[in-house]
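For reference, the structure is listed below as structure tokens.
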């Protein structure tokens, strides 16, 4: 299928009430950008057939492809399918495969479906149906008839854990069908450089390169660049990707910590598993966040056995063997305390690499140390060091921001130690 | 100011690219619902003056109040203010107070503003200006002239840490100006009951009550009900709130864990601080999340000193004194191991209350225990118990979901122990 302009319409009163964050729109927008489709409008309407119809007519008048989320459920206010099929001049017909899937779902749950549930097995005539592996409502692509000939509406369920996999696994391949090219992406992960500084270094590439395209995505303290090549079905993508990847490494390689790794904790756990190493964590101001992020990674148990949250001075002394003299002379927020915490965690855990974090995440200065002053330390046979961070304290969520960024710095330090071993 | 119908328009190509999640729309929608304003449409457009103008005209044609986010910055593609002022028939004039604020901001940063920065100090004629305490771009309310007489557009900056406080602190009071009533809310926090079950118990109240209104907000495993009374400026809100609060306590009091507490960890830390108690945490499958959530709360150091992440069997034995026999006979994921972890954490920490979590968060069964089987335990002088949880394992994020829910159950158990002491 070839389309030029797409548009997203999310249906749900819960979005208008501010009850849930619209992550579906973000996930779909990101996928459309990867496919190289233009997206100029996103909108939200409630579960109201009149306003839904108006929104659909407006979208079809200015876009080739409409993607909707929500309103596919079994209740009386789920009316996206009926309404949009009506707009596009398509009636609803029983869809045997969807009916079997609904019946099977209820059989497994040991309950009987009510007539409303079977409403989900009615599909617009001529529609392409997308199975739902994480719920009961199938999605579909409806092909416009009459005045909307040539337009396509794709309907997805509302719950993100149903919508996002269906979009990635079913809709994105559908949108590439009939194309004689395919998209191949590499995701490059950076830490320690902001989006604008990275964009400045790679200005020409990011603004001008058409194949591959280079698009940035940010989260706290990190930037991910997605480099996407469009190549023939059987073509090797490497020659298309290589010059851009080389330029990125040349300009910003010092900040690059991994390719297709997902995040810092996954990069760290993978590096540890590859080398048969273990890491331990001793945390004060991050309060367990370093350990929590490491253990987010499936299989982390092969690389992580032990973490300590030593929030008080007494715990730092008792659990990690930090000396009272250090705590009294330099304070708990000091490079000396951080180094002793890391050394103590390595001793107590038997891991080859130990990370430590101590600092003041706020909201108030403590022991004379300002908010945002953090020390992260690593102890390992190849690399033992302490880094001082002065993290910005502003806005209402600065405590969470400082903790998140401090944990990221610690994970980054662990990765360096793992590389060095 | 009295308005009937509001509409949200978010401006920013980063939203259309899926680069950032639109949390601003959620925060504003929630505030408008609290104020009792109708919101029928949300939309997103990129930094494109033509499409922005079309979106503004459409919004003004169907709504009384338009709230926009984004496009107030100093760069060439920040054109929300110019475009909307133009639509509403208002020119831009220098605004002395905003100019002083920009100059003061740059003086503090030790840099000189460029002419673009002073663009932010130009304001539409007759506008009400909202100061920005977390950034440089002020917001404003523009009052329509000519064909848009009576319509109002409120412009807010794009970064959430600037937008959300400005909306709460400046715009919500502005929208209530001239009203002879005020809104007073109580937030009731529930754990252990789903939104639909709670809605069933409180069906009449949630559907029919006009004053106070009762609106639910959900997050993983939790529901918050906001009960909002509209009362005269000097009127006591208690008599308006009391009957609804009583009905809620009668129907669902067993699941209510706090009023105006924010979340489980804040409720726990407050209860501990009030009674001068400490809590400790020993975690396996949650990997530090219980400690991390407790230490999210400012002032947690008065109630939390020590946590242990004992991911391996060896760590459970060494740090917590769990017996090898228990681990061998029942496994690390067992009620026996959970109880010994909690008892060991209480001994090792000296805290009055110790929490423990052990389970299988997935993705694979381990030691013959299925994904989602979790034991949470508490040890304290008044309450020592173990609870078995069978948490649903489905969807791509089930590991994170199981860990989050398991940590919530542990915090809830800690709260019970704190109440009992």
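Residue numbers (the numbering used here), protein chains in the order written: chain A, 1129 to 1549; chain B, 1129 to 1549.
Built from N, CA and C at the ideal position, the CB exists for glycine as well.
None of the values given here were measured: they were computed from a predicted structure.
- When DSSP assignments are scanned along the region 1213-1295 of chain B, the uninterrupted stretches of alpha helix (DSSP H) that are 4 or more residues long and fall wholly within it turn out to be 1224-1237, 1243-1247, 1288-1294.
- Among the CB atoms of chain A, none fall inside 8 Å of the CB of residue 1285 (chain B).
- Taking all protein chains shown into account, residue 1237 (chain B) has fewer than 16 neighbouring C-beta atoms within 10 Å of its C-beta and is therefore exposed.
- When the Cα atoms are used, residue 1222 (chain B) and residue 1248 (chain B) turn out to be separated by approximately 9 Å.
- Classified as exposed, residue 1244 (chain B) has fewer than 16 neighbouring CB atoms from the shown chains inside 10 Å of its CB.
- Between the alpha carbons of residue 1313 (chain A) and residue 1370 (chain A) lies a gap of roughly 12 Å.
- Within the region 1149-1160 of chain A, 1149, 1150, 1151, 1153, 1154, 1155, 1156, 1157, 1158, 1159, 1160 place their CB atoms closer than 8 Å to a CB of chain B, listed in sequence order.
- DSSP lists B:1497 as the bridge partner or partners of residue 1494 (chain B).
- The beta carbon of residue 1153 (chain B) lies closer than 6 Å to those of 1136, 1138, 1170 in the same chain, with the five residues before and after it left out.
- DSSP assignment within the region 1355-1411 of chain A yields the following whole beta strand (DSSP E) runs of 3 residues or more, N-terminal first: 1384-1387, 1407-1411.
- Put simply, the CB of residue 1302 (chain B) is far from chain A, with every gap to its CB atoms at 8 Å or more.
- Linking residue 1469 (chain A) to residue 1387 (chain A) through their CA atoms gives a straight-line distance of about 31 Å.
- Using a Cβ distance threshold of 8 Å, residue 1419 (chain A) and residue 1447 (chain A) do not count as a contacting pair.
- Cβ-Cβ distances below 7 Å link residue 1421 (chain B) to 1393, 1535, 1539 in the same chain, with the five nearest sequence neighbours on each side left out; the list follows chain order.
- In this structure, DSSP gives residue 1429 (chain A) a helical state, which the three-state scheme calls helix.
- Residue-level contact by beta carbon fails for residue 1248 (chain B) and chain A, as no gap is shorter than 8 Å.
- The beta-bridge partner set that DSSP reports for residue 1315 (chain A) consists of A:1354.
- Exposure of residue 1403 (chain A) is indicated by the presence of fewer than 16 other C-beta atoms within 10 angstroms of its C-beta.
- As a beta-bridge residue in DSSP terms, residue 1171 (chain A) pairs with A:1137, B:1171.
- For residue 1486 (chain B), no CB of chain A lies under 8 Å from its own CB, so it is not counted at the interface with that chain.
- Assigned with DSSP and collapsed to three states, residue 1511 (chain B) falls in coil, not helix or strand.
- Shown here for residue 1488 (chain A): same chain residues with a beta carbon closer than 6 Å to its own, the five before and five after excluded, namely 1461, 1494, 1497, 1499, 1501 in chain order.
- Pairwise C-beta distances place the region 1373-1384 of chain A out of contact with the region 1510-1528 of chain A, as fewer than three of them are shorter than 8 Å.
- Distance check between residue 1325 (chain A) and each of A:1132, A:1528, A:1379, A:1529 places A:1379 closest, using alpha-carbon atoms only.
- Straight-line spacing of the CA atoms in residue 1352 (chain B) and residue 1196 (chain A) works out to 28 Å.
- Residue nearest to residue 1506 (chain B) within the set B:1355, B:1377, B:1183, B:1471 is B:1471 (criterion: CA-CA distance).
- Not a single CB atom of chain A sits nearer than 8 Å to the CB of residue 1294 (chain B).
- For a cut-off of 8 Å, the C-beta gap from residue 1407 (chain B) to residue 1436 (chain B) is around 13 Å, too long to register as a contact.
- The residue among A:1518, A:1410, A:1452, A:1525 with its C-alpha nearest the C-alpha of residue 1474 (chain A) is A:1410.
- In this structure, the CA atom of residue 1309 (chain A) is about 31 Å from the CA atom of residue 1212 (chain A).
- For the set B:1334, B:1299, B:1273, B:1316, the Cα lying nearest the Cα of residue 1382 (chain B) is the one of B:1316.
- Annotated three-state conformation of residue 1542 (chain A) is helix, per DSSP.
- Close to chain B, meaning a Cβ-Cβ distance shorter than 8 Å, are the following residues of the region 1164-1181 of chain A: 1167, 1168, 1169, 1170, 1171, 1172, 1173, 1174, 1176, 1179.
- Within the same chain, Cβ atoms closer than 6 Å to the Cβ of residue 1467 (chain B) are found at 1505, 1514, the five residues on either side in sequence being excluded.
- Using a Cβ-Cβ cut-off of 8 Å, residue 1351 (chain B) does not count as an interface residue toward chain A, since no Cβ of chain A sits closer than that to its own.
- The count of Cβ pairs closer than 8 Å, one atom from the region 1227-1234 of chain A and one from the region 1163-1182 of chain A, stays below three, leaving the stretches out of contact.
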